[in-house]
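Take the sequence shown: its position 155, counted from the start at 1, is 170 in this note's numbering, and no numbers get skipped.
Ideal Cβ positions, reconstructed from N, Cα and C, are used throughout, including at glycine.
One structure is given here, and the rest of the page talks about it.
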Amino acid sequence: MSYELIHFRDSDEILRNKNMERDVELTLEYLDNVLYDSAIYASLTKQALKEMGWREPTNLNIAQGRRYQYKGYKNRIAIEGNFTVYEMIQNALFRLQVGFDKGNIDIGIIMVNNIRGANTPYGSTVELVEHEIGRFLYPTVSLPVAVALFNLGEPVNI
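So this is what it looks like as structure tokens:
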């Protein structure tokens, strides 16, 4: 397993109560296998989530009348993420928080790449996520959320 799942605000309990722990685990493992050493994250992510039952079109919309969609949605759990730019985690948090505040989701899962530049002053990605979501962004971002940090290897040159 080359991903790590970090829970905030009892997201692990919510997954357990929904009996979705194994489903989420299998989905993240499958994504890890599909995306490792790849350079085309977006289309492969959508395809893998569709194969795992997370891309039912009627459930993906974040807001009625808008084209904004989650990457995946199942059993009131939304999946968001970006594997190329860590800072997109804030966009994912915003989208998930809107769904949570509207009563459309109970928990969010964010997928990001764990690999960071050598010159970053912020320490490990785990430390950064724990600081940002656990302390810095609370109470503005208050939803139960889990962050999946993937080690996707070096992208293959196309």
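Return helix, strand or coil for arginine 31, following the three-state DSSP convention.
helix
Once DSSP output is grouped into helix, strand and coil, what is the label at arginine 91?
coil
Nearest-angstrom Cα separation, counted from alanine 63 out to tyrosine 45
7 Å
Could you give the uninterrupted runs of the alpha helix (DSSP H) lying entirely in the segment 58–116, keeping only those of 4 residues or more?
104–116
Report the CB separation of leucine 50 from leucine 59 in whole angstroms; it is logged as a contact under 8 Å.
6 Å
Anticipated Cβ contact below 8 Å, asparagine 76 with lysine 33, distance rounded
With 8 Å as the limit, asparagine 76 and lysine 33 do not qualify as a contact, their Cβ atoms being about 21 Å apart.
One question on the structure: do asparagine 74 and tyrosine 88 come within less than 8 Å of each other, judged by their Cβ atoms?
yes
In whole angstroms, what separates the C-alpha of alanine 161 from that of histidine 22?
4 Å
Nearest to alanine 78 by alpha carbon, out of Gly168, Asn97, Phe109, Thr99?
Phe109
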